[in-house]
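Notes for the one structure printed next.
Residue numbers (my numbering), protein chains in the order written: chain A, 1 to 385; chain B, 1001 to 1385.
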């Protein structure tokens, strides 16, 4: 079932990449904002000054100076950890997989938001778990409903969520719910996997503390990545958490792929040692904020009555609810005919798929193409009413 | 148990890296032979000419031109596959993990040589399999003994081996046994995982056909890597096999880490498009051959009577059997005192560990240090007789 979903979405993304299609399907950052020259320069220096070490095998834990930079950076964001609590991963997707591998046995229960990040659902499914699903609203996961999931024989082993600018909804877990969720996990000794790929991409509102920073009892593993802030093609992410869990993840990573690419780690560390990362983030936030508001403006202009959407404060996605009775699965091929694409929402549901949603990505297109895309999409939806 | 082994070996390698210790413990290629400038140049060109694409997300299958190069290169070695039968992995270790993830369920039986590549044993153990172990001699796995392993309820799901210059023994599976092994796997419909990291490093004797090239029924997955021929720090390996298996591995890789680093893949493809890879391999073979023979010469000069070792035709390792009654585990701390290190053989055994063996790596040291190291090691062994 999970594999079928995976294949279906792979097919969708493949079709959506047709050059004549204006696609909002992928989860792609804006390549024109990649700091290509700074990354190129960092690589050149690594090869010139430490080429042999950078091309040799290295430790599974990751490159020391990079782990230190990440620990220090997280500290600035209110999450105080030591460098030896940081494991470098091949993007944060690998963090999800390693946590699943260490923590989950067949038949275990994983509690997820519904809808939830598709590729995490696929990872968990691969370990033959079952899901408990909790709904969400504009303030993220319905933490107030969690208590009823702790029933005999169905107690979750893991709670997975994306608290900031969730994929696919774009919504953010409120501060009150963060406190409540951490208390809940502590009370029942359930591990929280806090997946935070988009947290740095807040373009309005106040930064909220991570779940890991609210936890004093070691029940949170926090995942981060440079994929949305520097470039995904480097494949550098990290997992941060209690030492004994990080140690277990490290042993499992060793037998999974030995270590993350040494060249990319050293180049990233070198880049960060002198690059103005915060100024770069400010630029990303400005551009993505502009694009998000542009997409919302275009949705307002072109969507027929009865269409609704979320109002993200950051990240890369808007979640659209179609007018009553309409199915995004049915709409997809019709939209393709009009050379516009999205991801239908159904595969993001861990339980019964719901067909009235679609996910739109705004980070990858300038405002004029967002406008043109929403014009096309609005016309397709209107034609089906 | 497997984790204990992993930790023990991690500790051994950590101690062995002490700068005052002459270590033959690691499985490290010679960094002075890394084509650093050519790799640096390829990266520089990638950033200059295709920087944004190289830093963006890419397909799980891997970069098309790199898959094509690998398919064509394998063809020159007698293994004829199409590019869509090649999956790019993060080193061949990831290939082992993906095959295990797709093929193995808890309780399944994996048939391995004894001793066998340690990190593969760890990977398989993580999937809660049990092992059947078959012995080996100077011609590799005792294929003539396989039939007795196909008993009711214990039929292996997978056969794992390193046919060329095995880790840890350095021995090579004979041509006759290759044919017999493939016939055996075909007869019983058992998948062979042919792990071939060292195959290009033959410095004497004739190239032998891969198991995959002898198979016409789709029972072999073949793993390769640039870690031993270009540089491990790039983390580029590949899995080659029947299309339906490669497709399943691809779906699983997607939920494991999305894809292998785009930058490293494109730089490697660019490098290979004009680099004289065969001339580079000739240089590696010449140097490693010289080092292997130098180590054997030093062993002959310095080891006490009763010590025996293998005679590799390629690869990176020699397997040493200590004089009767001696334990490599006991020897290890004594050797460290004399500032020389090796890996004790016991963790390489999937069944009862045997303590009278040690693995020595010769690729990472020039002849004069091999001589000094064997002099120190010989004295330690002699002192224990």
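In this text, a Cβ means the ideal position worked out from N, Cα and C, and glycines have one as well.
- Query: Does the count of Cβ pairs from the stretch 1087-1095 of chain B and the stretch 1256-1269 of chain B closer than 8 Å reach three?
  - Reply: yes
- Message: Output needed in chain order: residues of the stretch 217-240 of chain A with a Cβ under 7 Å from some Cβ in chain B.
- Response: 231, 232, 233, 234 and 235
- Please confirm if residue 1090 of chain B has its CB atom under 9 Å from at least one CB of chain A. Working through the second chain from its first residue, we reach residue 1090 of chain B at position 90. Yes, its Cβ sits closer than 9 Å to a Cβ of chain A.
- residue 99 of chain A vs residue 249 of chain A beta-carbon contact at 9 Å: The count along the first chain starts at 1 and reaches residue 99 of chain A at position 99. The count along the first chain starts at 1 and reaches residue 249 of chain A at position 249. Yes; because the gap between Cβ atoms is below 9 Å, this pair is in contact.
- residue 283 of chain A at chain B interface by Cβ criterion, 9 Å: As a working note, residue 283 of chain A is residue 283 in the first chain. Residue 283 of chain A does not count as touching chain B.
- Message: Give me the chain B residues within the contact set of residue 355 of chain A, using Cβ-Cβ distance strictly less than 8 Å, ordered along the chain.
- Response: Here the question's residue 355 of chain A lines up with position 355 in the first chain. Correct list: empty, because the minimum Cβ distance to chain B is about 23 Å.
- Query: Could you give the residue range of the beta strand (DSSP E) that holds residue 89 of chain A?
  - Reply: Working through the first chain from its first residue, we reach residue 89 of chain A at position 89. Start and end: 86-89.
- Task: For residue 131 of chain A, decide whether its Cβ has a neighbour in chain B, counting only Cβ atoms nearer than 9 Å.
- Result: Translated into positions along the first chain, residue 131 of chain A becomes position 131. Closer than 9 Å: no.
- Query: Three-state secondary structure (DSSP) at residue 237 of chain A?
  - Reply: As a working mapping, residue 237 of chain A is identified with position 237 in the first chain. It is a strand residue.
- Output yes or no for whether 9 Å exceeds the beta carbon distance between residue 1378 of chain B and residue 1358 of chain B. Numbered from 1 along the second chain, position 378 holds the residue referred to as residue 1378 of chain B. Numbered from 1 along the second chain, position 358 holds the residue referred to as residue 1358 of chain B. Their beta carbons are not under 9 Å apart, which means residue 1378 of chain B does not touch residue 1358 of chain B by this criterion.
- Over the uninterrupted beta strand (DSSP E) stretch that includes residue 1224 of chain B, give me the two end residues. As a first step, residue 1224 of chain B is located in the second chain; it is residue number 224 there, counting from the start. Run containing residue 1224 of chain B: 1220-1225, per the beta strand (DSSP E) assignment.
- Buried versus exposed call for residue 1347 of chain B [16 or more other C-beta atoms within 10 Å across all chains shown]: The residue labelled residue 1347 of chain B in the question sits at position 347 within the second chain. When all chains shown are included, residue 1347 of chain B counts as buried.
- Query: Got a sec? Which residues, its chain only, sit under 8 Å from residue 104 of chain A by beta carbon, not counting five neighbours each side?
  - Reply: One-based indexing of the first chain puts residue 104 of chain A at position 104. Counting only Cβ-Cβ distances below 8 Å, and skipping sequence neighbours, we find 110, 124, 127, 129, 157 and 158.
- Would you call the CB atoms of residue 1238 of chain B and residue 1223 of chain B closer than 9 Å? For the purposes of this step, residue 1238 of chain B is taken as residue 238 along the second chain, with counting starting at 1. For the purposes of this step, residue 1223 of chain B is taken as residue 223 along the second chain, with counting starting at 1. Against a cut-off of 9 Å, the Cβ pair of residue 1223 of chain B and residue 1238 of chain B comes out as a contact.
- Task: Verify the CB distance criterion: does residue 301 of chain A have a CB-CB separation below 9 Å to chain B?
- Result: On the first chain, position 301 is the one that residue 301 of chain A refers to. Chain B, which has no Cβ nearer than 9 Å to the Cβ of residue 301 of chain A, makes this no.
- Query: Going straight from the alpha carbon of residue 1073 of chain B to that of residue 1200 of chain B, what length do you get?
  - Reply: Looking up residue 1073 of chain B in the second chain gives position 73. Looking up residue 1200 of chain B in the second chain gives position 200. About 11 Å.
- residue 150 of chain A, DSSP secondary structure in three states: As a position in the first chain, residue 150 of chain A is number 150, starting the count at 1. If DSSP states are grouped into helix, strand and coil, residue 150 of chain A belongs with coil.
- Query: Hey, does residue 1101 of chain B have any beta-carbon neighbour from chain A nearer than 9 Å?
  - Reply: As a working note, residue 1101 of chain B is residue 101 in the second chain. Taking Cβ atoms only, chain A reaches closer than 9 Å to residue 1101 of chain B, which makes this a yes.
- Query: By how many angstroms is the C-alpha of residue 67 of chain A removed from the C-alpha of residue 59 of chain A?
  - Reply: Here residue 59 of chain A is taken as the residue at index 59 of the first chain, counted from 1. Here residue 67 of chain A is taken as the residue at index 67 of the first chain, counted from 1. Going by the C-alpha atoms only, they are around 12 Å apart.
- Quick one, which of B:1181, B:1209, B:1205 and B:1114 has its alpha-carbon nearest residue 1219 of chain B's? Along the second chain, read from residue 1 onward, the residue named residue 1219 of chain B stands at position 219. Nearest of B:1181, B:1209, B:1205 and B:1114 to residue 1219 of chain B, Cα basis: B:1181.
- Query: Comparing alpha-carbon positions, which option in A:306, A:240 and A:8 lies nearest residue 75 of chain A?
  - Reply: Residue numbering aside, residue 75 of chain A sits at position 75 when the first chain is read from its first letter. It is A:240.
- Measuring alpha carbon to alpha carbon, tell me which of A:234, A:371, A:323 and A:328 ends up nearest residue 42 of chain A. The sequence position of residue 42 of chain A within the first chain is 42, counting from 1. Looking at the Cα atoms, A:234 is the closest of the given residues.
- Using only alpha-carbon positions, find the residue among A:107, A:374, A:311 and A:382 that is nearest to residue 138 of chain A. Here residue 138 of chain A corresponds to residue number 138 of the first chain, with the count starting at 1. For the residues A:107, A:374, A:311 and A:382, the minimum Cα distance to residue 138 of chain A belongs to A:311.
- Only counting runs of 4 or more residues, tell me where the alpha helix (DSSP H) segments fall wholly within the stretch 23-94 of chain A, in order along the chain. 36-55 and 64-76
- Item | For residue 1101 of chain B and residue 950 of chain B, believed in contact at Cβ under 8 Å, the rounded distance | The question about residue 950 of chain B has no answer here: the residues shown for chain B are numbered 1001 through 1385.
- Cutoff 6 Å; reference residue 1315 of chain B; Cβ partners in own chain excluding five residues on either side: Locating residue 1315 of chain B in the second chain gives position 315, where the first residue counts as 1. Cβ neighbours of residue 1315 of chain B beyond the five flanking positions: 1165, 1170, 1198 and 1201.
- Query: Skipping 5 residues on each side, what residues in its chain have a beta carbon closer than 7 Å to that of residue 280 of chain A?
  - Reply: For the purposes of this step, residue 280 of chain A is taken as the residue at position 280 of the first chain. 35, listed in sequence order.
- Where the alpha helix (DSSP H) through residue 1278 of chain B begins and ends: Reading the second chain from its first residue, position 278 is the one you call residue 1278 of chain B. Start and end: 1277-1302.
- Any 3 or more C-beta pairs closer than 8 Å across the stretch 322-332 of chain A and the stretch 186-196 of chain A: no
- Task: May I have a chain-ordered list of the beta strand (DSSP E) segments no shorter than 3 residues that lie completely inside the stretch 342-366 of chain A?
- Result: 357-361
- Item | Through-space distance from residue 1112 of chain B to residue 262 of chain A, alpha-carbon basis | Counting from 1 along the first chain, the entry for residue 262 of chain A is found at position 262. Counting from 1 along the second chain, the entry for residue 1112 of chain B is found at position 112. The straight-line gap from Cα to Cα measures roughly 30 Å.
- Query: What are the start and end residues of each continuous beta strand (DSSP E) run of 3 or more residues lying completely inside the stretch 1164-1196 of chain B, in chain order?
  - Reply: 1191-1195
- Message: Against chain A, with Cβ distances strictly below 9 Å, would residue 1255 of chain B count as a contact?
- Response: Within the second chain, the letter at position 255 stands for residue 1255 of chain B. Closer than 9 Å: yes.
- Query: Is residue 1010 of chain B close to chain D, meaning its C-beta is less than 9 Å from at least one C-beta of that chain?
  - Reply: Protein chains A and B are contained in the structure displayed, whereas chain D is not.
- Query: Considering only the beta carbon of each residue, do residue 1342 of chain B and residue 1116 of chain B sit closer than 9 Å?
  - Reply: By 1-based counting over the second chain, the position of residue 1342 of chain B is 342. By 1-based counting over the second chain, the position of residue 1116 of chain B is 116. Taking 9 Å as the Cβ cut-off, residue 1342 of chain B and residue 1116 of chain B do not qualify as a contacting pair.
- Exposed unless 16 or more other CB atoms sit within 10 angstroms - verdict on residue 207 of chain A: The residue given as residue 207 of chain A occupies position 207 in the first chain. By the 10 Å Cβ count, residue 207 of chain A comes out exposed.
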